[in-house]
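**Q** When we follow full-length UniProt numbering, the leftmost residue of the sequence shown carries the number 1, and every step to the right adds one. The structure is given below, and queries will be raised subsequently.
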Amino acid sequence: MSATPLPIRAARRRPRPLIGWVLLMGVLMQLGLFVYTTAPGLAGTSDSRLYLHAAHTLRATGQLLHPDGSPYRYWPPLYPMLLAAVGSLNGIRLLHGAALLGSLLLWSWLGRQLLPRRQALLLPVLLALGTPGLLVGKFVWAECVFMLLVAAYAAALLQWLRSARGEWMAMATVAGLLLPLQRTLGLFLLAGVGVALLLGTWRHLAARGRWLLLLHLLLSGLGGVLWQAYALLVVAAPSRYHPPRGWAQLLSSAADYGFVLGRWLLPLPASARVGLPNALWAAALLGLFAALWPRRRPWRQVGALAAPSTPDAEPANTAFPATHGLSFSTQLVREVLWAAAVALVTLVAGLTVFAQSAAGVHDAERYASVLFGPVVILVLAAWPARAPRWLGALLLGLWLLGAAVRVAHVAQDLRRVPPLAPASFPGPELHRQRVGAVEK
């Protein structure tokens with residue numbers, strides 16, 4: 001694999017004042033919404049109590065412990081370690097805000113690499129108007145940092161696929177290693193990524209490239225696997241598995257995710273989840289993923305070091321043979337995002353059947369929050385190029401209007417959630433999540 005660096009979309013990616021202003025608008029919108037919802041203070045749930053208690057014991061004793069004194073084991077260790085480092089609820093608020101901002105900037109950059117110019121221009125505003133980041137940012141949950149890590153991993157992976165440079169492989173591997181140490185769901189995302197990369201690249205890579213790819217995937221999942229082994233074998237945590245609940249539970253979980261992802265795109269009322277049968281929402285989920293699949297297009301048969309022939313052409317990809325065209329890495333990363341989203345939803349829904357994993361639309365909103373950026377990018381990538389311009393403008397306008405109305409309602413709901421007391425860092429009182437999916 002060559003290590004020759006290449007200019008990346010030099011003709012297309014000159015600084016443009018408009019994209020800068022749109023990005024600034026998205027940043028200000030997201031920061032404004034976050035400050036508004038968290039001004040009374042961050043809120044907590046039972047999960048938050050365990051995170052905060054583990055962080056408190058780490059600062060006090062150097063060990064991650066549960067409230068009963070047993071070793072911390074039910075969730076990965078990275079988030080309570082970060083909480084211990086920031087040391088206060090105000091510090092956690094800054095951590096969440098910075099993570100959400102970094103996630104928006106990274107996904108906006110990825111949108112500029114993966115999308116046509118007009119769709120990429122809309123992406124920062126659509127991301128800023130999303131409710132998933134606002135919801136998880138209000139609570140002491142691990143999702144905000146998890147969203148940042150996923151965005152960083154996707155960006156580093158794209159750069160590695162384009163340039164084949166070792167430093168980008170190292171960055172992608174470090175980000176991948178941290179994913180399952182922040183949230184166990186990171187293993188599910190990496191499973192989807194691994195399948196997409198192996199199927200999409202294996203036959204095109206030389207032996208050295210295959211070994212590098214396998215090494216990257218192995219190291220990325222190593223931390224999560226070792227933590228799970230520690231929790232199950234060393235600490236001997238009680239098994240969270242139980243007899244299967246049956247296909248009805250799987251259908252219900254699939255319906256929850258169909259409803260949650262559908263609400264990102266359509267102005268659906270909360271009553272629609274219980275007003276329509278589970279089978280219909282599950283079918284909607286399958287239909288959505290089928291529609292978002294990045295359909296392959298013929299690659300340009302050009303040399304690997306050839307300059308882009310048009311302003312919209314992608315840079316040559318030195319990680320792959322010269323017979324590949326300029327769009328290979330873009331197509332592959334789109335497929336990676338799609339496969340990661342499908343893997344997470346499928347495995348989490350399946351886990352609710354066999355394990356003591358929380359189920360329901362509230363948890364579906366929380367677990368799916370990390371997919372908001374990828375799903376929006378896939379929707380914009382799948383936008384029909386030959387659709388009448390007036391129709392596209394109308395649909396996008398309705399999408400933006402619906403997103404703005406919903407995020408305003410959710411922001412008001414979140415602001416009213418009782419905050420944690422400033423002295424509650426060792427662990428807040430239980431507060432059940434009842435915002436987002438149900439109230440509005």
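Backbone N, C-alpha and C fix where the C-beta goes; we use that ideal spot for every residue, glycine too. All values derive from a computational prediction rather than experimental measurement.
1) If contacts are defined as beta-carbon pairs under 8 Å, then Ala411 and Leu134 qualify, I think. What distance do you get, rounded to the angstrom?
2) Going by Cα to Cα distance, which pick from Thr330, Leu233, Gly192 and Val342 is closest to Leu285?
3) Work out the CA separation of Phe328 and Ser309 for me, nearest whole Å.
4) For the alpha helix (DSSP H) holding Val195, just list the boundary residues, first then last.
5) With distances taken Cα to Cα, identify the nearest neighbour of Arg208 among Arg389, Gly166 and Val140.
6) Can you look up Leu129 in the DSSP assignment and give me helix, strand or coil?
7) Can you tell me the Cα-Cα spacing of Ser108 and Gly287, whole angstroms?
8) Near Arg415, what residues of its chain come up, given a Cβ to Cβ distance below 8 Å and the 5 sequence neighbours on each side ignored?
9) Pair every Cβ in the segment 15-30 with every Cβ in the segment 118-129, then say whether three or more of these pairs are closer than 8 Å.
10) Is Ser271 buried or exposed, if buried means 16 or more other CB atoms sit within 10 Å of its CB?
11) Just the C-alpha distance for Phe139 and Val86, rounded to the nearest angstrom, thanks.
12) Identify, in the order they occur along the chain, each residue of the same chain with its Cβ nearer than 6 Å to the Cβ of Ala191, setting aside the five sequence neighbours on each side.
13) From which residue to which residue does the alpha helix (DSSP H) around Pro277 run?
14) For my contact list, Glu260 and Ala368 are in at a C-beta cut-off of 8 Å; report their separation, rounded to the angstrom.
15) Apart from the five residues on each side of it in sequence, which residues of its chain come closer than 6 Å, Cβ to Cβ, to Ala99?
16) What residue from Leu65, Ala279 and Gln119 has the CA that sits closest to Ala381's CA?
17) By alpha-carbon positions, which one of Gln182, Ala349, Ile19 and Ala60 ends up nearest to Gly221?
18) Grab me the residues of Val405's own chain with a C-beta within less than 8 Å of its C-beta, minus the 5 sequence neighbours each way, in chain order.
19) Please return the same chain residues whose Cβ sits closer than 6 Å to the Cβ of Gly402, not counting the five positions on each side in sequence.
20) Helix, strand or coil: how does DSSP classify Ala421 here?
21) Measuring only the C-alpha atoms, how far is Pro67 from Leu89?
22) Taking Cβ to Cβ, would you say Ala376 is nearer than 8 Å to Leu123?
23) Rounded to whole angstroms, how far is the Cβ of Val333 from the Cβ of Leu121, which I believe are closer than 8 Å?
24) Should Leu82 and Leu95 be called a contact, given that it needs their Cβ atoms to be closer than 8 Å?
25) If we count the other Cβ atoms within 10 Å of its Cβ and call it buried at 16 or more, is Ala231 buried or exposed?
26) Looking at C-alpha atoms only, which residue of Thr330, Leu101, Ser48 and Arg162 is the closest neighbour of Tyr79?
27) Within the same chain, show all residues whose beta-carbon is closer than 7 Å to that of Ala349, passing over the 5 residues directly before and after it, in chain order.
28) Among the candidates Val225, Leu214, Ala229 and Ala282, whose CA atom is the shortest distance from the CA of Trp247?
29) So which of Ile92, Thr184 and Gly44 has the shortest CA-CA distance to Tyr74?
30) Among Leu24, Gly20, Phe34 and His53, which one has its Cα closest to the Cα of Ser424?
31) If you compare alpha carbons, which of Pro77, Ala172, Ala151 and Pro116 is closest to residue 447?
32) Is it buried or exposed, Pro294, if we count other Cβ atoms within 10 angstroms and call 16 or more buried?
33) Tell me the residue span of the alpha helix (DSSP H) that contains Ala170.
34) What three-state label does DSSP hand Leu115 in the structure shown?
35) Exposed or buried, Val125, counting other C-beta atoms within 10 Å across all chains shown (16 or more means buried)?
36) For Ala43 versus Val417, is the C-beta distance shorter than 8 Å?
**A** Let me spell this out:
1) 6 Å
2) Looking at the Cα atoms, Val342 is the closest of the given residues.
3) Low local confidence applies: a pLDDT of 38 at Ser309 is under 50, so the model's placement there is unreliable, and no value is given.
4) Leu185 to Thr201
5) Gly166
6) Correct three-state label for Leu129: coil.
7) 26 Å
8) Tyr36, Thr37, Ala39 and Pro40
9) The segment 15-30 vs the segment 118-129: in contact.
10) exposed
11) 16 Å
12) Ala343
13) No alpha helix (DSSP H) contains Pro277, which DSSP labels as neither H nor E.
14) The sequence shown places Val at residue 260, not Glu. Yes, Val260 and Ala368 are in contact; Cβ-Cβ is about 5 Å, under 8 Å.
15) Cys144, Val145 and Leu148
16) Gln119
17) Gln182
18) Pro267
19) Pro267
20) Coil.
21) 19 Å
22) Contrary to the premise, residue 376 reads as Val rather than Ala in this sequence. For Val376 and Leu123, yes; Cβs fall inside 8 Å.
23) Between Val333 and Leu121 the beta-carbon gap is near 19 Å, outside 8 Å, which marks them as no contact.
24) yes
25) buried
26) Ser48
27) Result list for Ala349: Leu250, Ser253, Ala254 and Tyr257, in chain order.
28) Ala282
29) Thr184
30) His53
31) The chain is shown from 1 up to 440; residue 447 falls before or after that span and cannot be answered.
32) buried
33) Gly166 to Gln182
34) coil
35) buried
36) Cβ atoms of Ala43 and Val417: closer than 8 Å.
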